[in-house]
Amino acid sequence: MTIWHFIVEFLLLGLGFLGGFFYRKYVMDSHQQSLEALGKKILDEARKEADSLRKEAKLQAKDQLLQMKMDFEKETHERRHELNQLERRILQKEENLEKKGALLDERETELIKQHKLAARQEEELKVQNERYQHLVAEQTARLEQLAGMSATEAKEYLLQSMEREIRADAARLVKRIETEAKEHADRKAKDIIALAIKRYASDYVAEQTVSVVALPNEEMKGRIIGREGRNIRALEAATGVDIIIDDTPEAVILSAFNPVRREVARRSLERLISDGRIHPGRIEEIVEKVTQELEVNIREAGEEAAFDAGVHGLHPELVKLLGKLKFRTSYAQNVLQHSVEVCYLCGIMAAELGLNVKHAKRAGLLHDIGKAVDQEAEGVHALIGADLAKRHGESPKVVHAVAAHHEDIPPENILAVLVQAADTLSGARPGARREMLETYVKRLEELERVALSFSGISKSYAIQAGREIRLIVESEKVNDEEAALLSREVAKKIEADLTYPGQIKVTVIRETRSVEYAR
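Residues in the sequence shown are numbered consecutively from 1460, following the numbering used here.
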């Protein structure tokens, strides 16, 4: 090859390189222009989409604002309507309070009249007594002159004669005064008691000292007993409850006088049966866990009862003791339900009598609080409950009402008497309490025996489940006036010697019969 050929190839190579460079630059410029056009297009589309989104957001904001405005106007209208209704209720309550005030004024006027009438009757009694004394003096002097008796003999004769006359007059007077007083007092008391019962209606349930746990099958009895009885011994030791496994099909009986322990045993056994793992270690674990849960349930039951009754500010320990009453019964009546019932009755009657309703409801709710610990402390539950109430900051009136509701101490204020009445109403209403047949028969026999201990009574009949006793007297030994005194004496004797729920009506019947035969 010559140098010319080399030069030509070099020139061709340079021309090819320059052509490729310019072509590549042309392609890159064209691609850059297309990319710029594409980017500009994307930006235009993004701007358009942003504008549409902005417009849509503005429309949604306007719609939301309009909806909020309508909701606000609707809520304002409802609140205004509620306020109008509340104002009408307040006006109605004010009218009712004014009517009650007028009624109370009328009752006060009636009581003043009764007081004046009693004072007038007392003056009449004083005048009659002075007249009797004057007659006695005159008769004594006349007898000494005419009969020639000694002063002692004449005095004895006169005293016997006057005693019979005075007793007859006193019996007539007592009967008349009692009749007049009962016409007002009985009507007033019945109205208040009827109103209290009418305004409070409660359900009732009978409870026992045993619980029955259902078993899924008979094989479960063997698992509960365990090898050589270790499971049942561990369960009885942990709960303090007697577990009775007999021929009763698919059932285990739990027996204990402590209702809280019996409930712990029942829940623990049911949980062990559902879990399936029954051994001493698991039993202790379940019993401890159930005990803690039951303590929470007891506190919640006490808080719920206090809240439902409207009694606030109780000491936490009293609330806990109140919850324990949920598992305590008296004559098969649940004591917590009974306490809430007495609370409501006390509040209703206190409102009718113009007394402090809060104190009355508080005393009614706490009156049986001693029954929560009476198995652990010595003494009657009324005094135990009063001591608990005093130690936990209750007022002296409430403490006295709790202590006196069974007359373990004499009642000193109207609140104690009110709690007595409400307690009697709650326990005496039909179906509230239940007693065993032997106790019931024995109470009727004691009632008839006490009545027959008085002279002049020939027969006695306890009727209406011991709520009334009818006495047949001998007409030649007891007259009409003495029959009235006899009924009072029998009633006092029953109150002093017997223990019974509610009250007992004593009816004395005296009749005279004339019999003749036509032959």
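Heads up, the beta-carbon is just placed ideally off N, CA and C, and yes, glycines get one too.
What you are looking at is a predicted structure, and each value in this text was computed from that prediction instead of being measured.
Exposure label - residue i; buried when at least 16 CB within 10 Å
i     : result
Y1708 : Here residue 1708 is Pro; the residue named in the question, Tyr, does not match the sequence. By the 10 Å Cβ count, P1708 comes out exposed.
A1577 : exposed
T1698 : buried
L1470 : exposed
E1589 : exposed
T1788 : buried
Y1803 : buried
H1826 : buried
G1475 : exposed
E1975 : exposed
G1473 : exposed
E1722 : buried
E1904 : exposed
A1841 : buried
M1808 : buried
L1605 : exposed
F1786 : buried
H1864 : buried
S1885 : buried
R1626 : exposed
V1467 : exposed
G1823 : buried
Own chain, CB closer than 6 Å to residue i, minus 5 neighbours either side, in chain order
i     : result
L1911 : S1919
A1836 : I1843
R1631 : E1940
L1780 : I1828 and A1831
A1977 : none
E1927 : K1964
A1921 : L1903, L1906, E1907 and I1928
A1660 : Below a pLDDT of 50, predicted positions are generally treated as unreliable, and A1660, at 43, falls in that range; the measurement from the model is reported next regardless. Excluding residues within five positions, none has a Cβ falling inside 6 Å.
E1546 : none
Residue from the options with nearest C-alpha to residue i
i     : options                       : result
Q1923 : E1495, V1900, E1940 and F1465 : V1900
A1760 : G1782, E1515, R1850 and I1571 : G1782
L1556 : V1967, E1811 and R1972        : E1811
A1955 : T1966, S1934, S1973 and V1909 : V1909
I1963 : L1930, A1942, K1936 and E1970 : L1930
V1839 : L1847, G1829 and A1848        : G1829
A1412 : E1729, H1738, A1943 and F1476 : Nothing about residue 1412 can be reported from this structure: the residues present for the chain run from 1460 to 1978 only.
L1728 : I1742, G1688 and G1560        : I1742
R1411 : I1953, L1957, K1952 and S1946 : Nothing about residue 1411 can be reported from this structure: the residues present for the chain run from 1460 to 1978 only.
G1925 : L1847, A1600 and R1902        : R1902
M1621 : Q1598, E1569 and L1497        : Q1598
D1882 : V1801, N1756 and F1480        : V1801
K1820 : V1700, F1465, Q1573 and A1764 : A1764
N1938 : E1537, Q1551 and D1628        : D1628
V1861 : H1851, D1846 and G1852        : D1846
P1775 : A1509, L1563, T1966 and A1848 : A1848
T1966 : S1973, S1854, P1718 and A1942 : A1942
G1685 : L1773, G1735 and E1866        : G1735
Euclidean distance between Cα positions of residue i and residue j
i     : j     : result
E1615 : V1595 : 12 Å
G1478 : L1494 : 24 Å
R1539 : H1797 : 43 Å
E1565 : E1553 : 19 Å
Q1544 : T1535 : 14 Å
E1532 : A1520 : 18 Å
K1936 : F1913 : 12 Å
K1856 : I1704 : 50 Å
D1530 : D1522 : 12 Å
Q1587 : A1880 : 37 Å
V1816 : G1915 : 48 Å
A1600 : E1582 : 28 Å
Q1551 : E1537 : 21 Å
L1874 : R1548 : 31 Å
A1509 : Y1482 : 40 Å
L1814 : C1805 : 10 Å
I1462 : F1480 : 27 Å
L1877 : R1725 : 38 Å
N1872 : T1638 : 26 Å
I1745 : V1794 : 28 Å
G1498 : R1513 : 22 Å
Own chain partners of residue i with C-beta closer than 8 Å, once the 5 adjacent residues on each side are dropped
i     : result
I1636 : Q1580
V1778 : R1758, G1761, E1762 and A1765
Sequence-distant residues of the same chain with beta carbon closer than 7 Å to residue i, five excluded per side
i     : result
A1673 : E1709 and A1710
Cutoff 9 Å: residue i Cβ touching any chain C Cβ
i     : result
I1737 : You won't find chain C in this structure, because it holds only one protein chain.
Any non-hydrogen atom of the ligand GTP closer than 8 Å to residue i Cβ
i     : result
L1605 : Ligands displayed in this structure: none; no statement on the ligand GTP is therefore possible.
Handout entry: alpha helix (DSSP H) runs wholly inside the region 1838-1918, at least 4 long, in chain order
Key = 1840-1850, 1855-1863, 1873-1887 and 1896-1911
Handout entry: Residue ranges of each alpha helix (DSSP H) within the region 1691-1753, 4 or longer
Key = 1718-1734
Problem - Secondary structure, alpha helix (DSSP H): runs of 4+ residues fully inside the region 1774-1812 - result: 1775-1783 and 1794-1812
Exercise for the section: With a floor of 4 residues, list each alpha helix (DSSP H) that falls wholly inside the region 1923-1972, ordered by position along the chain. Expected result: 1939-1956
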